[in-house]
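In the numbering used here, the protein residues as written are 130 to 379.
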């Protein structure tokens, strides 16, 4: 396991040794030693969760936002399989997730899981290393590379045991719902119209320029939008013009 970090985290110095073998992890679990508690997101890999239980963790599944795992108070871990990591670099998800993670938890770690040699086959490998540098430098998030799910589970077990047993730190889950950008809020507002999905919402906003103008558009103007037909235009007009049920007449 390779650890990269820009500073010593409280409870996890950078010289923290993770040289645990599979047998050593199993032995500690069977010897009646301390059993750490790890909160895991319900959408996370069942294999990682099963390995953690096998190694001696008590795994509690719940919806986490942000983070994939919480191993101690103010300590969260985000796990990304190497190919998902590469995709998230190019679509911008990585930096949004890193920002939310750093804002919510005092200490955070990013686990990049899989064959790091995949970077060699990228057209722009510099983008990979630049993304890691940004995560570490801008958000103070440590980066750990693991070869597979079993080693990810070993790392999480070792980290949770270190923090909970030696440092006596409790496990506290925090929540920070996703903060939508202005563009995302505008698209969601337009998508509230009948028969309007993400693509039509994008087309409407590009045609009219603002949410207000979309809502003020006449039927004829709506029909000028490519891909929007008579039935959809009529449904939108009726939705916007229909009086609220139960409204008292003046």
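Each residue gets a CB set at the ideal place from its N, CA and C atoms; glycine is no exception.
Values in this document were obtained by computation on a predicted structure and should not be read as measured data.
- Annotation: the continuous alpha helix (DSSP H) that includes residue 359 extends over 359-370.
- Following the DSSP letters along the chain, one finds residue 278 inside the alpha helix (DSSP H) bounded by residues 278-290.
- Measuring C-alpha to C-alpha distances from residue 273 to each of 363, 205, 253 and 216 identifies 205 as the nearest.
- Residue pairing by DSSP places residue 172 opposite no residue, since no beta bridge is assigned to it.
- Here residue 196 carries a coil assignment [DSSP, helix/strand/coil].
- Assigned with DSSP and collapsed to three states, residue 322 falls in coil, not helix or strand.
- By the Cβ-count criterion, residue 281 is buried, with 16 or more other Cβ atoms from all chains shown falling within 10 Å of its own Cβ.
- Residue 201 and residue 268 do not touch by the CB rule: their CB atoms are close to 19 Å apart, not below 8 Å.
- Judged by DSSP in its simplified three-state form, residue 234 adopts coil rather than helix or strand.
- Counting along the chain, the unbroken beta strand (DSSP E) around residue 207 starts and ends at 204-210.
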